[in-house]
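Report on one structure; see the data block that follows.
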Amino acid sequence: MIKITLPDKSVKEFDSDIDGIGLAKSISNSLAKSAVCIDVNGELKDLSYVIKEDSKCKIYTKQDQYALDTLRHSTAHVLAQAVLNLFPGTEYAVGPPIEDGFYYDFLFKENIKESDLSSIENEMRRINKANQLFIREEISISVAKNKFLKQQFKQELISTADPSEGVEGDNISIYKNDNFEDLCRGPHVSSTSQINHFKLTKLAGAYWRGIETNPQLQRIYGTAWFSKEELDNYLARQKEAEKRDHRKLGNELDLFVNTDELGPGQFLWKPKGSILRQNIEDYSKKAHADNGYEYAYTPHIGRSVLWETSGHLDYYKEGMYPPLKNEDNKDDEYYLKPMNCPFHILIYKSDIRSYKELPLRFFELGSVYRYEKTGVLHGLLRARGFTQDDAHIFCTNDQIEEEILNLLTFSIKLLNAFGFDSIEADLSTRPEKSIGNDDDWLKATNSLASALDNQNISYVTAHGEGAFYGPKIDLHVKDAIGRRWQLSTIQVDFSQPDNFDLQYVDSNNKRIRPVMIHRALLGSIERFTGILIENYAGHFPGWLAPVQVKILTIGEVSNYVKEILKSLKNVRLEIDDRSIRLGEKIHDSTKEKVPVSIIIGEKDVSLRTMALNIHDQDNQKDIKLEDGIKQIKNVIKVPKFKL
RNA sequence: GCCGAAGUAGCUCAGUGGUAGAGCAGCUCACUCGUAAUGAGCAGGCCGAGGGUUCAAUUCCCUCCUUCGGCUCCA
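2 is the number of the first residue of the first sequence in our numbering; add one for each residue after it.
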């Protein structure tokens with residue numbers, strides 16, 4: 002007698018052993034049909050898994066994420082099978098499910114091309130039609146090693162595998178279907194016939210085990226779903242995301258441009274983009290000025306000794322532009338700044354500081370230059386030249402926690418103002434390559450953690466992800482289509498004050514080392530603008546839009562337009578009085594994503610009315626002038642910044 | 001930096017071993033127009049750069065640059 006407890010606490014009893022599918026059938030035929038895998042006492046198993054003792058079970062159906070993962074994992078196997086059929090002698094590495102799909106990594110005898118994907122996909126369809134069963138086997142490690150004799154990656158996996166990877170004692174599990182077998186902990190769908198709705202999406206390079214010095218494999222990405230509808234939805238979603246691409250919209254909306262002559266990773270801001278950027282910068286500057294920060298301005302280059310002292314040349318030389326040299330004086334070398342902090346430190350050092358002055362907060366929209374690898378550049382989101390909303394806070398040890406607390410509030414309010422309401426935090430700890438002593442690191446990390454706790458912000462710890470000089474809190478936002486972006490970063494630093502021998506005089510007239518806090522809230526203005534573009538799909542809120550209002554005229558209404566202009570002083574406004582049809586004017590203002598279009602014709606003049614098209618709202622006709630103006634002012638209102 | 005893809009008019013793209021085409025945008029003219037592109041005409045290109053093969057290269061080959069999708073990286 003076996004008792005099986007289901008999630009609703011009900012108990013099913015069976016006279017003998019029962020497998021997953023049998024259990025599903027005993028509950029209902031429809032459940033058996035949509036069942037994909039089963040959780041037995043917290044472990045995911047195939048439906049063919051035989052339950053031999055009293056257990057807690059949950060059956061996963063096509064609606065569950067685990068079921069999707071299982072399908073995708075199985076599809077990855079079929080991909081590898083197809084590849085091995087078509088390209089004998091290929092070595093195969095790993096092929097897990099990932100968000101929205103799966104991949105498999107291969108070492109081909111000769112690299113394949115993207116055009117090979119269609120024949121691989123065809124072979125996968127053949128395997129799908131062949132209705133092959135996935136069969137689990139447990140074999141000993143030594144048998145496994147013999148089985149995968151010519152597979153160096155499998156050999157390595159066998160040697161290093163642990164229980165989470167299908168090892169139990171001396172045994173390791175494999176899955177077979179037809180001529181194909183692979184190391185795998187499972188579970189899988191029962192047959193290849195269930196793998197119907199998939200598509201190979203891209204071919205890319207990927208290092209074995211993600212380590213740059215390891216051989217580079219070719220990774221094939223794909224997506225798989227239980228229904229055609231879901232697959233089509235996914236593909237449509239991808240298209241939708243493409244439409245939001247800030248590089249595409251930046252071009253279409255005339256915001257910024259990059260040219261070959263300028264060099265990669267640098268951008269020119271066109272007038273419309275500059276207005277957008279200026280709005281963002283002005284808002285940030287004012288928020289800072291109103292909340293205890295003082296402006297600083299610093300140059301773009303500094304002597305190499307500065308970067309030696311700061312440690313940047315030791316820790317980050319690869320990421321810096323090569324030095325500017327002086328022919329007449331070889332020792333006079335300059336570097337473009339990759340960070341603003343050494344300059345702010347020099348400002349701090351330019352005076353003897355008293356404890357009464359602290360905390361000192363220097364704020365700057367500082368443009369920095371980092372020599373990013375060509376392959377990582379990505380429009381505004383990853384540029385070589387960019388501007389940080391950067392500040393450095395110099396304070397006493399006792400002030401750290403309160404500063405961090407205030408910073409968290411400040412940062413969250415600032416992100417809120419730009420329309421980001423969903424915010425999450427990461428706490429990054431000491432990386433391998435770093436400076437400073439363990440005590441200081443621990444102290445700094447703890448003060449960050451307790452600030453997060455105090456603010457009731459949930460966070461995950463990112464081990465070893467801190468900066469080389471200190472731990473950090475990163476704030477992430479979710480955008481309109483659910484993507485997560487890292488924006489704010491707050492970093493505690495005991496090392497730079499040491500490097501630069503910073504001091505303040507305390508109340509006992511003793512010289513004490515201050516602590517530094519580095520922080521950028523919007524991060525890079527370029528990147529932030531790019532994220533805003535994608536978040537709003539180019540439909541900026543009224544206060545940010547480069548053109549806030551467009552007046553579309555019909556016939557001769559110029560005097561009435563002048564009157565309207567008087568009520569809309571300081572509004573970024575354009576008038577379209579071309580002698581073309583109204584439809585075309587509307588088409589253009591829509592394409593330019595102007596938030597508000599006012600339409601006025603001759604009949605509006607005597608009635609003192611207008612028609613109003615406001616983005617995302619129904620068109621309005623015969624609106625009273627005053628009412629229209631009121632609505633417009635509401636749409637373009639700048640959000641208040643209040644702590 | 002590495003693997004794959006791509007670079008043709010301002011933009012989006014077609015095309016060919018015999019030095020190029022469309023739509024949109026631009027300019028000119030006509031139309032004077034009430035909710036998502038009026039019509040006609042004109043102008044616009046060293047086919048990313050350099051080298052090679054060829055009688056001939058935008059097309060084929062090589063190198064480089066840039067962009068795109070990933071990997072690694074992101075102080």
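Here a beta-carbon is modelled for each residue, glycine too, at the ideal position from N, C-alpha and C.
- Counting the other Cβ atoms within 10 Å of the Cβ of lysine 473 gives 16 or more, which makes it buried.
- Each residue's CA atom was taken as its position, placing serine 496 and methionine 125 some 56 Å apart.
- Beta bridge pairing from DSSP links isoleucine 175 with Glu138, Leu184.
- Under the 10 Å beta carbon count, isoleucine 212 is surrounded by fewer than 16 other beta carbons and is classified as exposed.
- The three-state reading of DSSP puts isoleucine 353 in coil, since its state is none of H, G, I, E or B.
- Straight-line measurement puts the Cα of lysine 511 at about 9 Å from the Cα of glutamine 504.
- From the listed residues Phe642, Met611, Leu644, Lys641, the smallest Cα separation to glutamine 632 is found for Met611.
- Excluding residues up to 5 positions away in sequence, Val37, Cys38, Tyr61, Thr62 lie with their Cβ nearer than 7 Å to the Cβ of alanine 68 in the same chain.
- Ranked by Cα distance from lysine 567, the options Ser580, Phe529, Ile630 are led by Ile630.
- Setting aside the 5 residues that flank it on each side, serine 27 is surrounded in the same chain by Lys13, each with a C-beta closer than 7 Å to its C-beta; the list follows chain order.
- If you look at alanine 205, you'll find it in the beta strand (DSSP E) that goes 198 to 208.
- Distances from the CA of tyrosine 105 to each of Thr397, Asn341, Tyr222, Tyr50 were compared; the closest alpha carbon is that of Tyr222.
- With fewer than 16 other Cβ atoms from the protein chains shown falling within 10 Å of its own Cβ, leucine 608 counts as exposed.
- Bounds of the alpha helix (DSSP H) holding histidine 289 are 272 to 290.
- Relative to the Cα of alanine 546, the nearest Cα in the group Tyr537, Leu553, Ile552, Glu100 belongs to Tyr537.
- Rounded to the nearest whole angstrom, the C-alpha separation of valine 572 and valine 550 is 7 Å.
- CA-to-CA, the gap between threonine 6 and asparagine 234 works out to about 36 Å.
- Within the same chain, Cβ atoms closer than 6 Å to the Cβ of glycine 251 are found at Phe257, the five residues on either side in sequence being excluded.
- By alpha-carbon distance to arginine 520, the top candidate from Lys638, Thr490, Gly467 is Thr490.
- Around the beta-carbon of methionine 517, 16 or more other beta-carbon atoms lie within 10 Å, marking it buried.
- Between phenylalanine 395 and proline 265, the C-beta gap is not smaller than 7 Å, which leaves the two residues out of contact.
- The beta carbon of threonine 388 lies closer than 7 Å to those of Leu366, Gly367, Ser368, Ser525, Ile526, Glu527 in the same chain, with the five residues before and after it left out.
- Using a C-beta cut-off of 8 Å, the stretch 193 to 213 makes contact with the stretch 224 to 240, since at least three inter-stretch Cβ pairs fall below that distance.
- Under DSSP, isoleucine 3 shares a beta bridge with Phe15.
- For a cut-off of 8 Å, the C-beta gap from tyrosine 335 to isoleucine 281 is around 30 Å, too long to register as a contact.
- If you compare the alpha carbons of Lys57, Arg220, Lys53 with that of lysine 114, the shortest gap goes to Arg220.
- In terms of CA proximity to glutamate 182, Lys155 leads the group Asn172, Lys155, Tyr208.
- Valine 493 has its alpha-carbon roughly 52 Å from the corresponding atom of serine 35.
- Here leucine 522 has Asp390, Ser412, Leu415, Ser489 as same chain residues with Cβ atoms under 6 Å from its own Cβ, once five neighbours each way along the sequence are excluded.
- DSSP places tryptophan 486 outside any alpha helix (DSSP H); the residue lies instead in the beta strand (DSSP E), whose first and last residues are 485 to 494.
- Ranked by how close their Cα comes to the Cα of leucine 277, the residues Pro542, Thr224, Glu585, Phe107 have Pro542 in first place.
- Residue environment for arginine 73: buried (at least 16 other C-beta atoms within 10 angstroms of its C-beta).
- A distance below 8 Å between beta-carbons, with the five flanking residues on each side excluded, links phenylalanine 103 to the following residues of its chain, in chain order: Arg73, His74, Thr76, Ala77, Leu80, Gly96, Pro97, Tyr222, Gly223, Thr224, Ala225.
- Of the candidates Glu425, Ser174, Arg371, the residue whose Cα lies closest to the Cα of aspartate 47 is Ser174.
- Nearest Cα to asparagine 129 within the set Ile159, Asn178, Tyr93: Asn178.
- Between lysine 594 and glycine 539, the C-beta gap is smaller than 7 Å, which places the two residues in contact.
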